[in-house]
Structures are given as C-alpha cells and as structure tokens.
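Undergrad:
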Amino acid sequence: MGVVGRRVVRYQSAGAGVEAEAFPRATPRWHARYLGATPEDDAARGRLRADPVLAPALAAHEGLRILRQEPWETTAAFLVSANNNVLRIEGILRALARRGDALGSPWGERHAFPDAATVARLPESRLRALGLGYRAPFLRATARLVASGDVDLDSLVGAPLPEVREALLALPGVGPKVADCIALFALEAGGAFPVDRWVLRAVSEAFFAGREVKPREAEAFARARWGDDAGLAQQFLFHAVRTRANAPGARRLSATQNDHQGQERVARSAPSWTRSSP
DNA sequence: ATCCAGGGGGGCT
DNA sequence: AGCCCCCATGGA
Numbered sequence: 000m001g002v003v004g005r006r007v008v009r010y011q012s013a014g015a016g017v018e019a020e021a022f023p024r025a026t027p028r029w030h031a032r033y034l035g036a037t038p039e040d041d042a043a044r045g046r047l048r049a050d051p052v053l054a055p056a057l058a059a060h061e062g063l064r065i066l067r068q069e070p071w072e073t074t075a076a077f078l079v080s081a082n083n084n085v086l087r088i089e090g091i092l093r094a095l096a097r098r099g100d101a102l103g104s105p106w107g108e109r110h111a112f113p114d115a116a117t118v119a120r121l122p123e124s125r126l127r128a129l130g131l132g133y134r135a136p137f138l139r140a141t142a143r144l145v146a147s148g149d150v151d152l153d154s155l156v157g158a159p160l161p162e163v164r165e166a167l168l169a170l171p172g173v174g175p176k177v178a179d180c181i182a183l184f185a186l187e188a189g190g191a192f193p194v195d196r197w198v199l200r201a202v203s204e205a206f207f208a209g210r211e212v213k214p215r216e217a218e219a220f221a222r223a224r225w226g227d228d229a230g231l232a233q234q235f236l237f238h239a240v241r242t243r244a245n246a247p248g249a250r251r252l253s254a255t256q257n258d259h260q261g262q263e264r265v266a267r268s269a270p271s272w273t274r275s276s277p
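For what it's worth, numbering that gives the first Met the number 0 labels the leading residue of the first sequence as 0, then goes sequentially.
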C-alpha cells in the first residue's frame with residue numbers, strides 16, 4: 000500500500016503477476032506506467048538480457064522495475080538520501096509525508112507527499128527535528144526554488160539528459176548522483192546512470208578487473224555499453240551487489256523505489272498481469 | 001568507540 | 001577540473 004500523487008494504491012503479488020488497485024480508480028495503463036511495466040520497459044529488458052555480464056542479474060531479479068515516480072517527491076527523497084541510510088531515509092520521508100494532504104481510501108487514510116511550497120514553508124528547525132540534520136537547509140532551499148518555479152521539474156520530463164542535469168544541479172543538495180537518480184526515476188531519462196558507492200564497486204569489479212574507477216569513468220563506460228538503457232542496467236548492478244552485501248538471509252527488496260509510506264516493493268510484474276480492480 | 005549510510009558543498013590547488 | 005575535509009544522525 001502506498002501513495003502515488005493523490006492516489007492511494009495497493010499492489011499485491013498474484014500468481015506470476017501483480018494485482019493492482021487504486022483509489023480513486025486507475026486504468027491498467029496507468030498502473031503499468033507507474034510500475035515501469037510498459038512494452039517499452041520490456042523492450043529495454045530484452046536488450047539488456049543480451050549482455051552476458053548482466054544476464055545473471057536479470058535472471059536473479061526477474062521482477063525488478065523502475066517505477067515512474069513524481070518529480071518533486073523524487074527530488075526531495077533523493078536529496079534526503081545523500082550520505083544517509085535507508086532506514087533513516089524512510090523515517091524522514093514518512094515524517095515529511097504527514098505534512099501532506101490527507102487522502103481517504105478503502106484501506107484507511109494516507110497522506111500525499113507535501114508539495115514544494117508546503118515544504119518550503121517549514122522552518123529549518125522543524126526539518127531538523129524530523130532528522131534531516133545538515134540537509135535541512137538544502138531541502139528548504141530546493142523546495143523554495145521548485146515552488147517559485149525557478150526550477151520547473153515537470154517541464155524536464157523527457158528532456159535531453161545534459162539539459163536535465165544542468166537544471167537539477169542548480170538545486171542545493173543535489174549533486175551528480177542525486178541528479179541522475181531524479182532524472183532516471185522521475186524524468187524518464189533512461190540513459191541516466193547514477194553512480195553511488197555500490198555501483199562504482201560493481202562496475203570496477205565486473206568491467207575493470209577490480210581497478211578502482213572514478214564515477215565519470217563508470218558513467219562513460221555505462222553510456223557506451225548500454226546507451227539509453229544504462230539506467231535500467233544500473234538497477235541490476237546495484238541490486239546484484241547489494242544482495243551480495245546483505246548476504247545471509249537479509250530481507251531484500253526487488254524493486255527500486257522510494258516511497259514515503261512503506262509501499263511494498265513489487266517483485267513480479269508484467270503488463271499482461273496488471274489489472275485494476277473494481 | 002569507531003565506522004558507515006544509495007553524497008554534496010566549499011575551499012584549496 | 002581535481003582533491004580534501006567536513007557535514008547531522010543513528011544503528012551496527
């Protein structure tokens with residue numbers, strides 16, 4: 000269960016697919032798009048499957064999808080994620096979400112993620128109280144830039160990656176890695192290749208014989224090898240290396256997502272199985 | 001106690 | 001441009 004925009008959604012594994020519900024109701028196409036399970040998404044997976052180095056990771060993470068998330072929420076979420084751990088990131092985002100509008104649903108009340116203007120209005124002290132630490136002024140300043148329209152995130156959807164990067168890097172607290180995350184997860188920039196410590200390690204080991212490469216090198220390599228599918232490739236590299244790191248018995252997430260209300264990760268989803276229920 | 005967490009900013013060269 | 005150090009906070 001989670002929230003997408005102003006909709007409360009619920010996804011559950013059902014056989015080989017996913018049962019999708021939303022309130023207010025959404026079309027199968029809407030769900031498939033959010034879940035990153037459109038025919039275009041499947042085509043990208045097909046292309047990556049031809050890469051012998053990536054193939055095992057694809058097989059191991061069959062249901063891994065890139066959710067198409069909302070630009071502002073994604074920006075705030077990944078800004079918070081910088082030099083932070085997942086548990087605390089989720090706690091902060093949940094706390095932030097309580098400032099958003101209440102949304103009723105058959106499954107109980109949830110909250111929309113607060114818009115940029117709402118976040119910009121929160122005093123820095125309040126943000127610190129939520130656990131943001133030194134990121135508090137960054138989030139506030141970024142919220143202000145987005146709320147004022149100086150940076151128009153929605154207009155960046157589908158824009159060329161260099162342009163997207165330049166715009167995002169103007170936001171305080173947003174550097175190259177976070178910018179690529181926003182581009183990939185919210186702005187449909189399939190070629191964005193976020194390089195965090197894990198991906199850097201994975202690329203170094205798998206493609207450079209263990210030599211420590213720099214983020215720029217890793218990214219150039221990824222773009223050359225996978226082109227506009229680099230972002231999806233990144234997800235498989237990331238989850239493969241994280242799964243290994245968490246090794247025995249750690250609970251593993253199969254899909255990528257930041258969700259401020261603990262929405263379940265969707266482990267298996269295919270367009271043909273996605274349906275909205277009454 | 002020390003290190004680390006899906007980095008980024010600012011100052012220095 | 002590249003390199004270095006610091007940055008809140010909390011769990012391991």
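Positions of the beta carbon are idealized from the N, C-alpha and C atoms, including for glycine.
Could you name the residues that DSSP lists as bridge partners for HIS110?
TA: Counting from one through the first sequence, the residue named residue 110 turns up at place 111. ALA101, per the DSSP bridge assignment.
Undergrad: Between LEU183 and PRO70, which are expected to be in contact by the criterion C-beta below 8 Å, what is the C-beta distance as a whole number of angstroms?
TA: Position 184 of the first sequence, counting from 1, holds the residue named residue 183. Position 71 of the first sequence, counting from 1, holds the residue named residue 70. 12 Å between Cβ atoms; not a contact.
Undergrad: Buried or exposed: where does ASP40 fall if 16 or more other Cβ atoms within 10 Å of its Cβ makes it buried?
TA: Here the question's residue 40 lines up with position 41 in the first sequence. By the neighbour-count rule (16 or more Cβ atoms within 10 Å), ASP40 is buried.
Undergrad: Return the CA-CA distance between GLY21 and ARG6, expressed in angstroms with no decimal places.
TA: As a position in the first sequence, residue 21 is number 22, starting the count at 1. As a position in the first sequence, residue 6 is number 7, starting the count at 1. The sequence shown places Ala at residue 21, rather than the Gly named in the question. In a straight line, the C-alpha of ALA21 is about 6 Å away from that of ARG6.
Undergrad: Taking the CB atoms as reference points, tell me whether GLY157 and GLU187 lie closer together than 8 Å.
TA: Position 158 of the first sequence holds residue 157. Position 188 of the first sequence holds residue 187. The answer is yes: Cβ separation under 8 Å.
Undergrad: Which value, in whole angstroms, describes the spacing of the CA atoms of ASP100 and LYS213?
TA: In the first sequence, the residue the question calls residue 100 occupies position 101. In the first sequence, the residue the question calls residue 213 occupies position 214. Cα-Cα distance, rounded: 42 Å.
Undergrad: Residues in the same chain with beta-carbon distance under 6 Å from GLU18, minus the five sequence neighbours each way, listed in chain order, please.
TA: Working through the first sequence from its first residue, we reach residue 18 at position 19. Residues of the same chain with a CB within less than 6 Å of the CB of GLU18, apart from the 5 flanking positions on each side, are GLN11 in chain order.
Undergrad: Using 10 angstroms around the beta-carbon of THR26, count the other beta-carbons present and answer buried if the total reaches 16, otherwise exposed.
TA: Mapped onto the first sequence, residue 26 falls at position 27. Answer is exposed; the Cβ neighbour count stays below 16.
Undergrad: Given LEU53, which residues of its chain have a CB within under 7 Å of its CB, disregarding the five upstream and five downstream residues?
TA: To locate residue 53, count along the first sequence from 1; it is residue 54. Closer than 7 Å at Cβ, skipping near neighbours: LEU47, ALA232 and PHE235.
Undergrad: Just tell me which of PRO136, THR242 and LEU34 has its CA closest to the CA of ARG127.
TA: Taking the first residue of the first sequence as position 1, residue 127 is located at position 128. Considering only alpha carbons, the answer is PRO136.
Undergrad: Quick one: what's got a C-beta closer than 7 Å to ALA166's C-beta in the same chain, skipping five residues either side?
TA: Locating residue 166 in the first sequence gives position 167, where the first residue counts as 1. Same-chain partners within the cutoff: VAL150 and LEU155.
Undergrad: Select from ARG196, GLY189, HIS238 and ARG224 the residue whose C-alpha is nearest the C-alpha of ALA42.
TA: Here residue 42 is taken as the residue at index 43 of the first sequence, counted from 1. Of the candidates ARG196, GLY189, HIS238 and ARG224, the one whose C-alpha sits nearest the C-alpha of ALA42 is GLY189.
Undergrad: From SER80 to ILE88, what distance separates their C-alpha atoms?
TA: Against the first sequence, residue 80 aligns to sequence position 81. Against the first sequence, residue 88 aligns to sequence position 89. Take the alpha-carbon of SER80 and the one of ILE88: they are about 6 Å apart.
Undergrad: Which of the three DSSP states, helix, strand or coil, is assigned to GLU39?
TA: In the first sequence, residue 39 corresponds to position 40, counting from 1. Correct three-state label for GLU39: helix.
Undergrad: Do TYR33 and LEU57 have their C-beta atoms within less than 8 Å of each other?
TA: Taking the first sequence and counting its residues from 1, one reaches residue 33 at position 34. Taking the first sequence and counting its residues from 1, one reaches residue 57 at position 58. No, the pair does not count as a contact, with Cβ atoms beyond the cut-off.
Undergrad: Give me the Cα-Cα distance between PRO38 and GLN68, rounded to the nearest whole angstrom.
TA: Stepping through the first sequence from its first residue, residue 38 is reached at position 39. Stepping through the first sequence from its first residue, residue 68 is reached at position 69. Between the C-alpha atoms of PRO38 and GLN68 there is a straight-line separation of about 18 Å.
Undergrad: At the level of alpha carbons, what is the spacing between PRO290 and ARG139?
TA: As shown, the chain starts at 0 and ends at 277. That puts residue 290 outside it, with no answer to give.
Undergrad: Classify VAL3 as helix, strand or coil using the three-state DSSP reduction.
TA: For the purposes of this step, residue 3 is taken as residue 4 along the first sequence, with counting starting at 1. Here VAL3 sits in strand by DSSP.
Undergrad: Counting along the chain, where does the beta strand (DSSP E) carrying GLY16 start and finish?
TA: Within the first sequence, numbered from 1, the residue matching residue 16 stands at position 17. Per DSSP, GLY16 belongs to the beta strand (DSSP E) from 16-22.
Undergrad: What does ALA13 pair with, by DSSP beta-bridge criteria?
TA: Numbered from its first residue, the first sequence carries residue 13 at position 14. Note: ALA13 sits in a beta bridge opposite GLY16.
Undergrad: Please classify VAL173: does DSSP put it in a helix, a strand, or coil?
TA: Counting from one through the first sequence, the residue named residue 173 turns up at place 174. In this structure, VAL173 counts as coil in the three-state DSSP scheme.
Undergrad: Among all the DSSP beta bridges, which residues are the ones paired with VAL8?
TA: In the first sequence, residue 8 corresponds to position 9, counting from 1. BP columns for VAL8 point to GLY1 and ALA21.
Undergrad: Alpha carbon to alpha carbon, how far is SER147 from ALA254? Give it in angstroms, no decimals.
TA: What you label residue 254 is simply residue 255 of the first sequence in a count that begins at 1. What you label residue 147 is simply residue 148 of the first sequence in a count that begins at 1. Residue confidence is low: ALA254 scores 34 on pLDDT, short of 50, so the model does not pin down where it sits. Its coordinate-derived value is still stated next. Straight-line Cα distance between these residues: approximately 33 Å.
Undergrad: Does DSSP put ALA208 in a helix, in a strand, or in coil?
TA: Locating residue 208 in the first sequence gives position 209, where the first residue counts as 1. Coil.
Undergrad: Using CA atoms only, rank isn't needed, just tell me which of GLY130, ALA221, VAL3 and ARG28 is closest to PHE192.
TA: Numbered from 1 along the first sequence, position 193 holds the residue referred to as residue 192. The residue with the shortest Cα to Cα distance from PHE192 is ALA221.
Undergrad: Taking ARG243 as the reference, which of ALA75, PRO55, VAL194 and PRO51 has the closest Cα?
TA: Taking the first sequence and counting its residues from 1, one reaches residue 243 at position 244. Ranking ALA75, PRO55, VAL194 and PRO51 by Cα distance to ARG243 puts PRO55 first.
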